[in-house]
Each structure stands twice: as structure tokens, then as C-alpha cells.
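Taking it in order: structure first as C-alpha cells, then the write-up.
2 protein chains.
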Amino acid sequence: MSPIFEPTLLLNESVCKANIKRMAERVKGWNGDFRPHFKTHQSARIAEWFREQGIERITVSSFKMARYFAQNAWKDITVAITATQIDAASINTLAAKINLNIVVEEEQTIMALERGLQHPVGVFVKVDTGYHRTGVDADDLIKIKKMLSGLRETKKLIFIGFLTHAGNTYGTRNKVQISEIVEPALQKFLALKTFLKDHFPLMQLSWGDTPSCSVYSDFYGVDEFRPGNFVFYDCMQVQIGACQLSDIAVCLAAPVIAVHPQRNEIVVHAGAVHLSKEGLELADGSTTYGSVVKLNGRDWDSEQVLGQVRSLSQEHGIISVSKQVMPTLKPGDVVGVLPVHSCLTANLMKQFLSTDGNFIEMMK
Amino acid sequence: MSPIFEPTLLLNESVCKANIKRMAERVKGWNGDFRPHFKTHQSARIAEWFREQGIERITVSSFKMARYFAQNAWKDITVAITATQIDAASINTLAAKINLNIVVEEEQTIMALERGLQHPVGVFVKVDTGYHRTGVDADDLIKIKKMLSGLRETKKLIFIGFLTHAGNTYGTRNKVQISEIVEPALQKFLALKTFLKDHFPLMQLSWGDTPSCSVYSDFYGVDEFRPGNFVFYDCMQVQIGACQLSDIAVCLAAPVIAVHPQRNEIVVHAGAVHLSKEGLELADGSTTYGSVVKLNGRDWDSEQVLGQVRSLSQEHGIISVSKQVMPTLKPGDVVGVLPVHSCLTANLMKQFLSTDGNFIEMMK
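Chains as they are written, first to last, in UniProt numbering: chain A, 1 to 364; chain B, 1 to 364.
Next up, the structure:
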């Protein structure tokens with residue numbers, strides 16, 4: 001086994017495949033369609049593990065990512081970032097080859113794209129059910145009905161339904177708090193079906209976010225689910241209560257470059273360009289940039305948390321450890337860091353090393 | 001001119017070259033050697049703009065980056081991250097071809113590398129002059145003398161001098177505060193020469209960091225300077241007082257995807273995977289992830305700040321704007337975002353588009 005000598009993103013294939021299988025089964029249990037978000041792994045190889053579970057339809061977060069997965073034989077893709085008229089060329093290239101869905105939230109975008117498109121595309125109207133990032137307010141039936149009248153006139157834009165992302169679940173810390181966000185959001189979302197089903201009987205409702213899909217279950221009336229982060233999970237999802245530490249499928253191998261026993265700190269080669277600067281406030285009010293665990297070759301022991309990453313610069317991470325852990329670490333050792341936000345860490349590392357020693361590539 | 005339709009990192013070549021020239025002249029004014037840090041741009045093409053200023057010696061922050069620049073004809077490289085014995089193979093590959101300097105801070109690393117190396121390398125001992133990230137405490141003459149005795153015995157490790165990085169200048173907000181950090185740090189640093197010059201008359205002192213090199217001038221006794229960020233500067237450096245807004249050489253072009261006049265917000269396709277999650281506390285106590293400016297084609301007007309990026313998710317940025325600015329922006333427009341930390345933004349984008357329309361590649 002070749003030793004690890006630089007920051008390397010390890011991937012436990014069994015844990016990852018178990019995460020995929022579990023979520024696929026949950027969605028099946030709700031009689032829902034599973035259209036997983038591929039923005040977390042961004043990898044054609046890992047995508048095939050979804051195909052093994054019967055998944056053919058996917059979600060991505062940019063047209064660039066859609067092009068990558070289309071090149072890798074994915075034929076049914078929703079680009080879940082709001083499209084505008086400047087995306088016409090991207091849409092035309094993709095829609096010539098695959099079944100493409102886009103997301104809109106402005107009436108003028110609908111008209112502009114109808115003029116600019118060469119092929120039919122499916123259209124979701126993005127609605128805001130409480131997160132307040134993007135989307136038409138789900139209560140704003142006047143605006144929504146105006147957009148739907150617009151979509152009745154279009155030949156290239158085919159209305160499919162509504163899409164929402166309750167991203168405010170990321171601020172929660174337990175199942176009760178998740179329910180408190182999900183229930184009113186679902187109520188607003190499902191009301192769209194009630195109000196509009198006479199005119200649009202085939203309307204689909206598409207729901208996102210890993211926290212709610214991991215712990216909530218009463219999704220009656222929702223047609224499609226687009227969680228993404230669950231493929232790897234991370235420390236943030238552990239704190240939300242969406243998973244256990246042992247469900248985290250990725251871990252950054254980080255060489256120890258210095259030890260400072262006088263301040264119970266070790267310094268690793270693992271910085272903002274590897275982990276990202278996403279921090280997480282712990283229960284004690286302190287901030288972590290990753291939980292440090294013991295590595296066993298290319299695998300890690302999530303039960304043995306050695307410390308927390310307390311600060312990051314470009315290439316360095318400073319880890320605080322206990323007096324007991326301090327003497328067990330020395331320069332030249334390699335420790336593991338469970339990321340706070342695996343989507344951002346994977347996006348930075350651009351490659352995984354599986355626990356059985358294979359490099360797995362991502363979109364470049 | 002082909003329109004911008006996705007997040008694109010613009011680079012103003014004239015501003016960038018002026019930044020390089022100004023810093024090269026400052027260092028010349030101190031009779032110092034300029035060994036700029038290339039971690040900010042990570043680009044062989046931009047590196048050539050340094051060569052035009054007569055620069056032949058450079059600094060990088062990882063062995064991976066050293067391999068990239070060695071492949072691009074740089075023959076004298078300091079890897080300014082503390083090396084340990086697990087770097088022996090990387091050092092051997094590089095030192096066979098180029099003049100390589102490494103940085104150490106542990107006696108046992110010196111002994112282990114002496115056994116593992118095949119070629120001579122220059123060695124800087126990293127000293128901590130107040131930043132408390134890595135390095136031997138500059139006051140700890142006992143440890144330093146032990147390391148130097150070790151280095152007297154080695155045949156592959158050739159002692160060059162001491163290297164420090166006063167990274168705590170990044171917490172400052174004006175020239176006076178920078179001086180308050182730099183002066184005691186320099187005093188500790190220069191004392192090493194005083195104490196050890198009899199035994200090591202050729203000893204070099206190597207100093208880092210953009211804030212101090214941009215505004216401080218009294219570096220008598222320091223031999224070499226390694227600032228890096230100045231090549232692009234960024235909003236953080238503006239707030240520190242190291243540069244003006246008009247000195248920032250990079251700007252992220254960000255498509256507007258939604259407008260929310262009811263909350264004076266616009267949403268752009270520019271998220272944590274483009275800008276990084278580095279935040280900056282402004283004078284009013286609020287946090288920004290980038291200053292939003294008006295784009296003119298591929299150039300921008302740094303005098304016209306339209307708003308601040310207030311939050312980031314993976315692909316989205318939420319920008320707060322004034323009531324006056326709000327009606328001037330619509331979906332499909334493209335705005336500019338001056339990054340908080342250009343090193344991290346460039347590292348994520350992996351490519352620049354120069355204002356005259358050429359793509360400039362970086363290390364992949």
C-alpha cells in the first residue's frame with residue numbers, strides 16, 4: 001500500500017453505497033420518485049453506484065455540471081438553479097441530446113427563453129416555502145397564476161410542476177426542529193396542488209434537502225425528492241441529527257507537520273483549500289472546521305475523535321487536542337478530518353481515494 | 001465579444017502587473033531579495049509577468065505546487081510549508097532537477113531527512129515571531145541552537161537561515177496596528193542574527209506577508225521577502241489598509257438569477273464553490289463575502305460598489321443592495337464580486353479570463 005504523504009480525500013465505498021441504498025429505500029417507501037442531487041459527489045464513477053439502485057433521473061446545480069453528467073450517459077437531468085435568458089445557449093446544447101428540466105421564477109424569463117430555445121424542455125417553477133433564498137413566494141398565487149398562464153402559451157417550455165428547497169433545515173439541531181420547518185413548508189407546497197390541480201392535473205411537486213429526507217417521513221402528496229448531501233453526509237449533518245458519525249463516507253487524510261505540546265495543538269497540512277472555510281458551531285459555543293479521527297491505513301475510526309480543527313489558513317489547519325491525545329501524535333503522522341460540509345470539501349479536492357486504493361475522479 | 005453566462009473570474013492584467021512592479025520596487029528599495037509567493041495565482045502564465053521584472057526565485061505552499069512550477073521552468077523554489085520525513089520522496093524528485101529549499105522546525109525531521117534524501121537541499125528553520133501557527137519560538141535559543149548543531153552534521157541539508165510569517169498582520173485594520181505587530185516580530189527575528197552571526201555569518205532572514213510588505217518599510221537586516229497576495233489583493237487587504245479598492249486585480253463575474261425587491265436582495269450564481277466561504281467583518285459589525293461592483297464588459301468599476309454579498313450556499317450568493325440600486329438590476333444581468341480572499345477564490349476557479357479576452361490557466 002503506497003503511503004499517504006499529502007492531503008487526500010478518502011472515501012469509504014461501503015458507507016457511501018449504504019447511504020445511497022438507505023435513501024433510495026426511504027423514497028420508495030413514500031411512493032416518491034428519487035432524483036438525487038449530484039452536486040455533492042460530482043463524480044461519474046460514484047454516479048454509477050446510483051444507477052445500480054435503479055436511478056436514471058438526476059439533479060445538478062449548474063449547466064456545467066449538467067454537461068458533465070450528460071457526457072457520462074445521464075439522459076434525464078434537472079438543473080436546479082434558477083435559469084435566465086443568458087442560459088439559452090447552454091439549454092439548447094443540452095436539450096438537443098437529453099431530457100432536460102430547468103427551473104424558472106420570473107415571467108420575463110419564460111418569454112425570453114421561449115424565443116431563444118430550439119428544443120422543448122421541462123419547466124419547474126421555483127417556489128419559496130420559507131427558506132427565502134430564491135423562488136416565488138408559495139403564497140403569492142397571483143404571481144404564480146400569471147406565470148402558469150405564460151407557460152400555457154409556450155411551445156418550448158413545458159410546465160411540469162413546482163420545485164422547492166427547504167434549505168433552512170440546515171439551521172436545525174434535532175428532529176423536532178426539522179419538523180417545525182418542514183411542516184409549514186409542506187403545507188404551503190401541497191396547497192399549490194389543491195389550488196391548481198383542476199387546471200394542471202399532472203402537476204409534480206419536487207422537494208429537496210438532506211436533513212428532511214433523512215429524518216422526516218410524512219411526505220404524502222410530494223412526487224419527487226432531490227436530496228444530495230446524504231451520499232457522504234458530514235459533521236454538519238451529524239449535528240442536525242440527520243445521520244451518525246459512522247455514516248460519514250469521506251475523510252480528509254491530513255499530514256501532521258508540527259506539534260505544540262505547550263498549547264495542546266497540532267498543525268496539519270489541511271487548510272481552506274482542502275476543507276473549505278465552512279465552520280460549525282458546536283454545543284459548547286466553539287467553532288470547528290472538522291472533527292479529527294484516527295486513521296487506519298486508508299480507513300478511519302469515527303468512534304475515536306482526537307480533537308477539532310479550530311482554525312484554517314490556506315494550507316494549514318490548527319487542531320486542538322486533549323493533554324492525553326497530545327503525546328500520541330508527532331510530525332510525519334497522518335490523521336483524518338471528517339469535514340463540516342462534504343459538498344465543499346469534495347469540490348475542492350476534485351478526487352477521492354477509496355479505502356480499497358482506487359482513485360475516483362470528479363468533474364474538473 | 002462572447003458574453004459571460006456563467007461564474008467567471010476576471011483578471012485585469014494592467015492592475016496585476018502594476019501590483020507586481022510596485023512590490024518588486026519596494027523590495028529593491030530595501031536592498032532585499034524578492035522571492036514572491038505563488039500560492040495566490042498558481043498560474044504559469046502569470047508567473048511569466050514576474051519573470052519580466054527579473055524575478056527568478058519563488059515561494060510555494062506545497063510540494064504539489066513546486067512540481068507544477070518546476071515543470072514550468074522555475075529553477076529556484078522554496079516550499080514554505082514545514083516539511084517532515086514523509087516528504088522525502090517529493091523532495092528527492094524535485095531536488096534532482098532544481099535548486100530546492102525546504103522549511104523545518106523539528107530536530108528529528110532533520111535527522112530523518114538526512115537519511116532519506118539523495119540530493120542537497122537548502123534548509124530554512126521556521127521560527128514563530130508571534131503568529132503562533134507553526135515554527136520554533138524565536139525566543140527559544142536552546143531549541144534553535146540544538147537544531148543548528150544538528151544541521152552542522154548533515155550533508156544533504158544545507159542551513160540557509162530562518163524563515164518567519166507574521167500572519168497575524170491579517171487581523172489588523174490600519175498601518176499603526178500593522179507596525180504594532182511587525183516591530184516586536186522583527187525585533188525577535190533580527191535578534192537571531194545578532195546571537196548567531198559569529199557561527200553562521202551567511203545566515204539569511206526570510207520574511208513573509210502582504211500586509212507588512214505593502215505598508216511597512218523599515219526592514220533593515222531582513223534579507224528576503226515572500227509576500228504573495230499582493231499580486232491580486234482583495235477586500236480583506238483593503239480593510240487592512242494594504243491597498244486601495246482599485247488595486248484589486250480579480251473580480252468574479254456573477255450572473256443575476258433572481259431579484260427580490262421586497263427585501264432589497266438580489267441572488268447571483270456565485271456561491272461558496274466560486275468565492276470560498278471566507279467572510280470579512282465590516283466596520284458596522286456586519287459580515288461580507290464580497291463587494292459587488294458594476295461590470296463593463298470584462299472590466300469593472302471599483303468606484304461603483306452596488307452592495308455586499310451577505311450569505312453564500314454552494315452555488316448561490318445573496319446580495320443586499322440599497323433601494324436606489326435595486327431597480328437597476330434584473331435577472332440575466334451580470335455583476336462583479338470583488339473577493340474577500342483572492343487566494344481562495346482563484347484556487348476554486350482554476351482559470352482567469354483577462355479583460356482583453358484571453359483565458360489564463362492555473363495549476364489543476
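Where is the CB? At the ideal position from N, CA and C, for every residue including glycine.
Beta-carbon proximity of residue i to residue j, cut-off 8 Å
| i | j | result |
| --- | --- | --- |
| L295 of chain B | A253 of chain B | yes |
| L338 of chain B | G297 of chain B | no |
| residue 408 of chain B | F69 of chain B | Because chain B in this structure spans residues 1 to 364, residue 408 of chain B falls outside the shown range and cannot be described. |
| G307 of chain B | V325 of chain B | yes |
| N229 of chain A | C343 of chain A | yes |
| T134 of chain B | T82 of chain B | yes |
| residue 376 of chain B | L353 of chain B | The structure shown does not extend to residue 376 of chain B, since chain B is modelled only from 1 through 364, so no value can be given for it. |
| V259 of chain A | I266 of chain A | yes |
| Q204 of chain B | D218 of chain B | no |
| G130 of chain A | P184 of chain A | yes |
| G279 of chain B | V340 of chain B | yes |
| L275 of chain B | L312 of chain B | yes |
| P211 of chain A | I178 of chain A | yes |
| K188 of chain B | A138 of chain B | yes |
| residue 377 of chain A | W300 of chain A | With chain A covering 1 to 364 only, the question about residue 377 of chain A has no answer from this structure. |
| A191 of chain B | I181 of chain B | no |
| R173 of chain B | G241 of chain B | yes |
| W74 of chain A | A47 of chain A | yes |
| C243 of chain B | S214 of chain B | yes |
| E105 of chain B | V79 of chain B | no |
| F34 of chain B | F225 of chain B | yes |
C-beta neighbour in chain B for residue i, strict 8 Å
| i | result |
| --- | --- |
| L344 of chain A | yes |
| A258 of chain A | yes |
| H119 of chain A | no |
| K156 of chain A | no |
| Q204 of chain A | no |
| S286 of chain A | no |
| V27 of chain A | no |
| F63 of chain A | yes |
| residue 375 of chain A | A question about residue 375 of chain A goes unanswered here, because the residues of chain A that appear run from 1 up to 364. |
| E56 of chain A | no |
| residue 365 of chain A | Since the displayed chain A opens at 1 and closes at 364, residue 365 of chain A lies outside it and no answer follows. |
| E361 of chain A | no |
| T109 of chain A | yes |
| E114 of chain A | no |
Contact with chain A by residue i, beta-carbon distance below 8 Å
| i | result |
| --- | --- |
| N347 of chain B | yes |
| V127 of chain B | no |
| G167 of chain B | yes |
| A272 of chain B | yes |
| P3 of chain B | yes |
| K364 of chain B | yes |
| V309 of chain B | no |
| H269 of chain B | yes |
| Q314 of chain B | yes |
| K188 of chain B | no |
| S43 of chain B | no |
| K294 of chain B | no |
| K277 of chain B | yes |
Supposed contact pair residue j and residue i - C-beta distance, whole angstroms, cut 8 Å
| i | j | result |
| --- | --- | --- |
| I77 of chain B | L100 of chain B | 6 Å |
| F63 of chain A | S90 of chain A | 4 Å |
| V121 of chain B | L148 of chain B | In fact, because the Cβ distance is near 16 Å, the residues do not count as touching under 8 Å. |
| Q85 of chain A | G116 of chain A | 6 Å |
| H41 of chain A | A346 of chain A | 6 Å |
| L151 of chain A | I110 of chain A | 6 Å |
| I319 of chain B | V293 of chain B | Contact doesn't hold; Cβ gap of about 11 Å is too wide. |
| V268 of chain A | G317 of chain A | 5 Å |
| M363 of chain A | M65 of chain A | 6 Å |
| D209 of chain B | T169 of chain B | 5 Å |
Proximity test, residue i beta-carbon vs the ligand NAD heavy atom, cut-off 7 Å
| i | result |
| --- | --- |
| I240 of chain A | As presented, the structure is devoid of all ligands, the ligand NAD included, so that no description of it is given. |
Give the list of continuous alpha helix (DSSP H) stretches no shorter than 4 residues that lie fully inside the UniProt domain "D-serine dehydratase-like" (249 to 356) of chain A. The UniProt domain "D-serine dehydratase-like" (249 to 356) of chain A contains these whole alpha helix (DSSP H) runs: 272 to 275 and 342 to 349.
Considering only residues of the segment 195 to 221 of chain A, which uninterrupted alpha helix (DSSP H) runs meet the minimum length of 4 residues and lie entirely inside it, listed in chain order? Listed in chain order, the complete alpha helix (DSSP H) runs (minimum 4 residues) inside the segment 195 to 221 of chain A are 210 to 215.
Chain B contacts made by the segment 69 to 91 of chain A, where a contact means CB separation under 8 Å: Going along the segment 69 to 91 of chain A in chain order, one finds I81, T82, A83, T84, Q85, I86, D87, A89 and S90 with a Cβ nearer than 8 Å to chain B.
Contact residues within the segment 126 to 148 of chain A, judged by C-beta distance below 7 Å to chain B: Cβ contacts with chain B: R133 and T134.
Runs of beta strand (DSSP E) wholly within the segment 126 to 210 of chain A (minimum 3 residues, chain order): Listed in chain order, they are 157 to 164 and 204 to 207.
Using a Cβ-Cβ cut-off of less than 7 Å, list which residues of the segment 317 to 334 of chain B approach chain A; keep chain order. Those would be I318, P331 and G332, in chain order.
Note down, in chain order, all residues in the segment 241 to 256 of chain A with a beta-carbon under 8 Å from any beta-carbon belonging to chain B. Against chain B - using a Cβ distance shorter than 8 Å - the residues of the segment 241 to 256 of chain A are P255 and V256.
Please identify, using Cβ separations under 9 Å, the residues of the segment 172 to 185 of chain B that lie next to chain A, in order along the chain. Within the segment 172 to 185 of chain B, no residue qualifies.
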